[in-house]
Amino acid sequence: VLINDNLEPSYKPKKERIVLLNPLHKGDEAMGKLFDELAQAPRQLELIMAYVELSVKNGFVRQHELLERTNCNTAQIKALVDKGVFIIEEKETDRLIYSSDTEQKEIEFSAAQQEAYAALEAGLGEKAVALLEGVTGSGKTLLYIHKIKECIDAGRQAIFLLPEIGLTTQLVSRLFAYFGEEMGVYHSRFSNNERVEIWEKVRKGQYKVVVGPRSALWLPYQDLGLIIVDEEHDTSYKQRDTAPRFHARDASIYLASLYNSKVILGSATPSVESMFNANAGKYAYIKLKERYQGVRLPAIEMVNAKSLEMMRPQGIKLLTPELIQAMTEALQNRRQIILFQNRRGYSPFQLCMVCGWVPHCKNCAVSLTYHKSSDKLHCHYCGLKTPPIHTCPSCGTNRLQSKSFGTEKIEEEVKQVFPEARVARMDVDSMRGKQSMASLLDKLEKGRIDVLVGTQMVVKGLDFAMVTLVGILSADSLLSFPDFRINERAFQLMEQVGGRAGRSDGAGRVLIQAYNMQHPVLTWVQNHDIDAFYDHEIKYREFFGYPPFSRVIKVSFRHRDEVRAMEAGSMMAQALMTIENITVQGPVPAMVSKVRNQYIHEIWIKIPRDLKLISHVKSILKDQRQAISSRKGLSNLQVIFDVDPV
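Residue 391 in our numbering sits at position 2 of the sequence shown; the count goes up by one each step and never skips.
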């Protein structure tokens, strides 16, 4: 049997129907005669008049535009084609058409921005990388735009990286006003055909600037001159679930070195690693200390969550009296409110009050989260959905209660307390549609939403003038996770979400509900004191030998048989123990020890920042992975290396 394999390209250019006027009918005399001939056909005459109006700019009209302008249909257009009045052609068109309601303005820097820009110019003259620290609302984007313009004027291309696709919705319109058709947007929600078009335009140099998440780094740039990594601290820049497990910030710096280009890392709350590199003189360091146009930073108030006890008789469990009062005042003043809780769903878990049983996923070692919108228990790891459980299978009682809370439960309580308020939710579950984010942000901008409840998606650079109040409902949950980066994550999240308040002329307020009011991170957030936070954190990291004073490698062993996963981890650990000057922890079950019916054990390796030693460890890891996988019973074992996990 002879089989011929052919790899055919699946990309097909998008085409649209174009309406042209037959040259025989051009000119005042010919047009007047045509009007007379169509006097008894009012619909066809309407089409001709609409065509004349719409064709002024291009000399042709898209068929769909002609139909939208008139009350006509395609049959009436065909009648004019049959009469020799119109000519229909098909023309290739872009799938990606951007527009902007924002008027392009001349870039006018404040005194603080002018000073920062001069320092940025000087810094990039000496260093390949500059760290731009600017408080929330300081106008870092204006500096980015100016640097991109300079890059384009020099005939080179630029990348504007954002942590997640949600950010691009609001920024694209603003950037398009400056860069027009020279700007492209790239992200995973585009179809394959749309991505092919972007790829080709980048390769041909038609797109001078590309806006997108970490995947935008891999487009075929011809002459890359600048990479901007906005919100460089954000953990979304790390690709964790699939190989290659790279960090877009580090990849940007390496990519820039290949093109001899520059990198700007921007953030209101820079990562500890970036601050360390800046203080060590590896990066240029520029600081924007004040908000644009002198707008004040929001006042941050700590609220003792114990006051929730007095609200329980009224059926209120999540909103303290202080937060309810602040929300009432904001709504009376027709201002908008953001409420933040970094858990989606209605309730993170159910608990039997008699025997303590908790429903778990059958495929993963995690509790199931109840989602009221679907009335189902969801696994956020494998996607399993099951009906809610009303009777405990362990003891037979029906005393199952929902514990803790997610965004759905907050949304429900806000509607209960403020029935007249227009409430919306922003989390992964409510933002699944391609246009759902754009639609929600449009409503927010037009004042059609009073209260926005969301997860960390609301932290991602949203900028709305009418938002004057932010509520963080559970600071304790941000500070109680077994991770050496937990203080950094919590500080960044609270400072960033608080920065959504009072970005225009209205004085902003941030209320943080917490039980542990004495936690030092809360003090630093309340005082907007990033310097005190960094000084404490860098000493802690140095004392325990955590990054940036070491490199960390996580080795994961995945197998359907837990004994096999543990056995493989033990073999790897024994080999690593022979290397001096490194710390090996494990193997131990992962925090989520089973996902999709695969058991996971982990080894954590801390290595001093010694290039020779790091290279030696990597060599041992690769050799051992090959040796372990070749052993009997371990051929289906997955061994995954993750360097500097976040």
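By construction, the Cβ of each residue, glycine as well, lies at the ideal position given by its N, Cα and C atoms.
Treat the numbers as computed from the prediction; the structure is a model and nothing was measured.
About 17 Å separates the beta carbon of S959 from that of I1029, a gap too long to meet the 8 Å contact definition. By DSSP's assignment, G601 forms a beta bridge with L550.
If you look at L766, you'll find it in the beta strand (DSSP E) that goes 765-767. Around the C-beta of H636, 16 or more other C-beta atoms lie within 10 Å, and the residue is accordingly described as buried. Scanning the stretch 583-642 from its first residue to its last, the whole beta strand (DSSP E) runs of 3-plus residues come out as 598-601, 613-619. In this chain, I1009 is not harboured by any beta strand (DSSP E); it is covered by the alpha helix (DSSP H) spanning 1000-1018.
By the Cβ rule, the stretch 972-979 does not count as touching the stretch 915-926, because fewer than three pairs are nearer than 8 Å. Annotated as distal: K467 and I541, with beta-carbon spacing of 9 Å or more. Bounds of any beta strand (DSSP E) do not take in S959; it lies within the alpha helix (DSSP H) bounded by 951-965.
The criterion of a C-beta distance shorter than 9 Å is satisfied by S793 and S736. The C-alpha of P552 is placed about 5 Å away from the C-alpha of S625. When rounded, the separation of the alpha-carbon atoms in A715 and G569 is 42 Å. Taking C-beta atoms as the reference points, I587 and L608 count as a pair closer than 9 Å.
DSSP lists K943, Q974 as the bridge partner or partners of W993. DSSP places C741 in the uninterrupted beta strand (DSSP E) bounded by 738-741. Around the beta carbon of R1020, fewer than 16 other beta carbons lie within 10 angstroms, which makes this residue exposed. The beta-bridge partner set that DSSP reports for Y674 consists of L520. Counting the other CB atoms within 10 Å of its CB gives K415 a total below 16, which places it among the exposed residues. Boundaries for G512: no beta strand (DSSP E) harbours it, while the alpha helix (DSSP H) harbouring it runs 500-515, taken from the DSSP string. Relative to the Cα of D816, the nearest Cα in the group K849, Q790, E802, P808 belongs to K849. The Cβ-Cβ distance between V899 and V886 falls below 9 Å.
When secondary structure is reduced to three states using DSSP, G569 falls in the helix class. Taking Y648 as the centre and dropping the five residues before and after it, the same chain places the C-beta of Y610, D612, L613, G614 closer than 8 Å to its C-beta, in chain order. Per DSSP, Q907 is not a residue of any beta strand (DSSP E), being assigned neither H nor E. Counting every other CB atom within 10 Å of its CB across the protein chains shown gives A954 a total of 16 or more, marking it as buried. Under the criterion of beta carbons closer than 8 Å, K751 and V524 do not qualify as touching, at roughly 47 Å. Q1027 carries a strand assignment under DSSP once its states are collapsed to helix, strand and coil.
S696 carries a helical assignment under DSSP once its states are collapsed to helix, strand and coil.
M572 and V618 do not touch by the CB rule: their CB atoms are close to 17 Å apart, not below 8 Å. Runs of the alpha helix (DSSP H) lying entirely within the stretch 819-881 and spanning at least 4 residues, in chain order: 825-834, 864-867.
Counted as a single uninterrupted DSSP element, the stretch harbouring I653 is not any alpha helix (DSSP H) but the beta strand (DSSP E) occupying residues 651-656. Residues of the same chain with a CB within less than 8 Å of the CB of R724, apart from the 5 flanking positions on each side, are M855, V856, T857, L858, G895 in chain order.
With a threshold of 16 other beta carbon atoms within 10 Å, I726 meets it and is buried. Ranked by Cα distance from R458, the options E442, D1031, V652, F449 are led by E442.
Each of M691, E690, I689, L708 was checked against the Cα of E698, and the nearest Cα belongs to L708. For K529, the enclosing alpha helix (DSSP H) begins and ends at 529-542.
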